[in-house]
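Be aware that the sequence shown starts at 920, since it is given in this note's numbering, and climbs by one per residue.
Report on one structure; see the data block that follows.
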Amino acid sequence: MNVKIFTVKINVLHILLLLVYTGVYSQTDSSKYVKYSPEYIFREGFYLSFKQVLDNNPIPKSRVITNFDYNDPDFFDKILQKDKIYFYDHLGNSNELRTRDIWGYSRNGFLYIKMDNGFFRITMVGSISHFIASETVYRGASPGDYYAYSPYYDPYYRMPYSNETTEVRQYLLDFNTGNVFLYDENSFRILLMRDPTLHDEYMALSRKKRKQQIFMYLRKFNERHPLYFPKN
């Protein structure tokens, strides 16, 4: 699954407000759900969709069709190196799915999300979650860059080198929608609008302090708006 990164622009504010106010996970039935804490254990397996994450209902690794040892510490890494995953569903039917189309997986109780060409651990789980991932960035050459000659040896044709770099970036995962945003002030303050009091407090800060205190207010928001998951 190629996760779409949402960016925030002021001229589409009304659209984003509809987005952040549309909650898809508001269950607080104490008989079925429990408030998330670092002690909560995500069931081990592969999440094919974000809905499976919310339900804590992955495809168990025991249902994966493979010759690899299920107890191998590198089981997930080996499976995810393949182009496709083959597994049995709850009815016993065999299925296949492209590895790039899965949402992520859980290993040792921790969540990992698919981004670009890799899987990355969600280090802070909450109503607004935080994680770090590496991304391959391609940039075209500018007029001042070096050029490579055409493979046809035309001395009058020059083709710009392709600049490919890997950058480490921070992201926010909105657990109300499953949408992923770049970790920046614009994205965060829009997500923070779900709590008007906290949003107004944050916006009263100087712009410099707003950038510096994103993480602190992220924690405040998650404390005020706990995340709930099904009981294990």
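Beta carbons are placed, not taken as given, at the ideal position from N, Cα and C, and that holds for glycine.
As the structure is a computational prediction, the values presented were derived from the model and not from experiment.
Residue i, enclosing alpha helix (DSSP H) - first and last residue
i, result
"GLN971", "969–973"
"PHE994", "994–999"
"TYR966", "Here TYR966 belongs to no alpha helix (DSSP H); instead the beta strand (DSSP E) covers 964–966."
"HIS1144", "Looking at the DSSP string, HIS1144 is not in any alpha helix (DSSP H), and its letter there is neither H nor E."
"LEU1117", "1115–1122"
Option in the options with minimal Cα separation from residue i
i, options, result
"TYR1057", "THR1116, THR1084 and LYS1003", "THR1084"
"ASP1020", "ARG1026, PHE1029, ASN1027 and LYS1001", "LYS1001"
"ASN1012", "TYR1031, ARG1026, ARG982 and ASP991", "ARG982"
"LEU1018", "TYR989, ILE1133, ASP996 and PHE1029", "Checking the sequence, you will find Thr at residue 1018 rather than Leu. Of the candidates TYR989, ILE1133, ASP996 and PHE1029, the one whose C-alpha sits nearest the C-alpha of THR1018 is ASP996."
"ILE1051", "TYR1007, ASP1103 and PHE1006", "ASP1103"
"PRO957", "ILE998, ASN1027 and ASP988", "ASN1027"
"PHE1006", "ASP991, PHE965, PHE1029 and ASP1035", "PHE965"
Assumed close pair residue i, residue j - CB separation to whole angstroms, cut-off 8 Å
i, j, result
"ILE984", "LEU967", "15 Å between Cβ atoms; not a contact."
"ILE1032", "GLY1023", "4 Å"
"PRO1149", "TYR952", "6 Å"
"PHE1094", "SER1048", "6 Å"
"ASN1151", "ILE960", "6 Å"
N-terminal and C-terminal residue of the beta strand (DSSP E) that residue i is part of
i, result
"ASP1093", "1082–1093"
"PRO1149", "1147–1149"
"ARG1108", "No beta strand (DSSP E) contains ARG1108, which is instead part of the alpha helix (DSSP H) from 1104–1110."
"TYR952", "952–954"
Per DSSP, the bridge partner or partners of residue i
i, result
"TYR1037", "The question names Tyr, yet the displayed sequence has Gly at residue 1037. Beta-bridge pairing links GLY1037 to MET1034."
"PHE1134", "Its beta-bridge partners do not exist; DSSP assigns none."
"ASN1014", "PHE1006"
"ARG1026", "PHE1029"
"TYR1057", "GLU1083"
"SER1048", "LEU1092"
Is there contact here, the stretch 963–975 with the stretch 1036–1056, by at least three beta-carbon pairs under 8 Å? no
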